[in-house]
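**Q** According to our numbering, the sequence shown holds residues 342 to 537 in order.
Have a look at this one.
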Amino acid sequence: MATSSPPDRSPPPDSKRRKKEVETTHRIVSAEEWVEERKAFFEKEKALAKAYEALAKERQQLPWHRVPEYVFKSSSNEDVPLRSLFTNGHKELIVVHIMFLDAWGSPCPFCAFWADGYSAQLPHFEQRVSFVAVSAASAPSIARVQKEKGWSFPWFSAQGSSFNADMGAEVPAEKVASKEKCFNYGHTVPHSTEGP
342 MATSSPPDRS PPPDSKRRKK EVETTHRIVS AEEWVEERKA FFEKEKALAK
392 AYEALAKERQ QLPWHRVPEY VFKSSSNEDV PLRSLFTNGH KELIVVHIMF
442 LDAWGSPCPF CAFWADGYSA QLPHFEQRVS FVAVSAASAP SIARVQKEKG
492 WSFPWFSAQG SSFNADMGAE VPAEKVASKE KCFNYGHTVP HSTEGP
């Protein structure tokens, strides 16, 4: 009876299989040294946080501007005036723009990623503010997506109004084609007529 020896599973010589050591340009220090350097860096982080808080206070002092009484369409295709979006006696309203056109069939994937959490966050929002989402898509398209995704947060269509354009969430096609920096207060070139 013929026998054969098992295959050689030993690693090849070093010349064929060399393990590369991880190279780094970072300094390697003791745990104690690291803690001291981290403490020093923490002081810089605290200074930055204080500067941000001061900037936030300045932002709160920016003037307001009057907006027209926009009319939206609910997912059941009913007219909803802007003032009625302020619910439960709240004086503040958060409006999130979900990038979505009828021609797309579904919302922007990144917008949908965030929107997946809105229904769960809604009770927390509603303790202090009113919260809605708005898109350029039609009310029937919004209703379909809401049903498909199980989204229960208030979501309205701005189709037929100038709301998205006035709020900077819609850019004219000619401006997109011109590559003009007209988005984000003139700092960004838009890549689509639908802005975030």
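No residue lacks a Cβ here, since even glycine has one placed at the ideal position from N, Cα and C.
#1: Reducing DSSP to helix, strand and coil, say where H406 ends up.
#2: Three or more beta-carbon pairs under 8 Å between the stretch 509-521 and the stretch 447-456, yes or no?
#3: What are the start and end residues of the alpha helix (DSSP H) that includes A499?
#4: Quick one: using the 10 Å Cβ neighbour count with 16 as the cut-off for buried, is Q468 buried or exposed?
#5: Below 8 Å, can you find three or more Cβ-Cβ pairs linking the stretch 483-491 to the stretch 506-514?
#6: Whole angstroms are fine: how far does the CA of F382 sit from the CA of V530?
#7: Under a Cβ-count criterion, where at least 16 other Cβ atoms within 10 Å of its own Cβ denotes burial, should H438 be classed as buried or exposed?
#8: Could you spell out the range, first to last residue, of the beta strand (DSSP E) harbouring V436?
#9: Is the beta carbon of H540 less than 8 Å from the beta carbon of V470?
#10: How is the beta strand (DSSP E) around V421 delimited, first residue to last?
#11: So, are the CB atoms of F466 and F413 less than 8 Å apart?
**A** Reading from the atomic positions:
#1: Look at H406 here: in three-state DSSP terms it is coil, with no helix or strand label.
#2: Contact fails between the stretch 509-521 and the stretch 447-456, because fewer than three Cβ pairs, one in each stretch, are under 8 Å apart.
#3: That residue, A499, is in no alpha helix (DSSP H); it is neither H nor E in DSSP.
#4: When all chains shown are included, Q468 counts as exposed.
#5: Between the stretch 483-491 and the stretch 506-514 there are fewer than three inter-stretch CB-CB distances shorter than 8 Å, so the stretches are not counted as touching.
#6: The alpha-carbon of V530 is positioned some 36 Å away from that of F382.
#7: Looking at its Cβ environment, which holds 16 or more other Cβ atoms inside 10 Å, H438 is buried.
#8: Following the DSSP letters along the chain, one finds V436 inside the beta strand (DSSP E) bounded by residues 434-438.
#9: Only positions 342 to 537 of the chain appear in the structure, and residue 540 is not among them; the question remains open.
#10: From DSSP, the beta strand (DSSP E) with V421 extends over 420-422.
#11: No; because the gap between Cβ atoms is not below 8 Å, this pair is not in contact.
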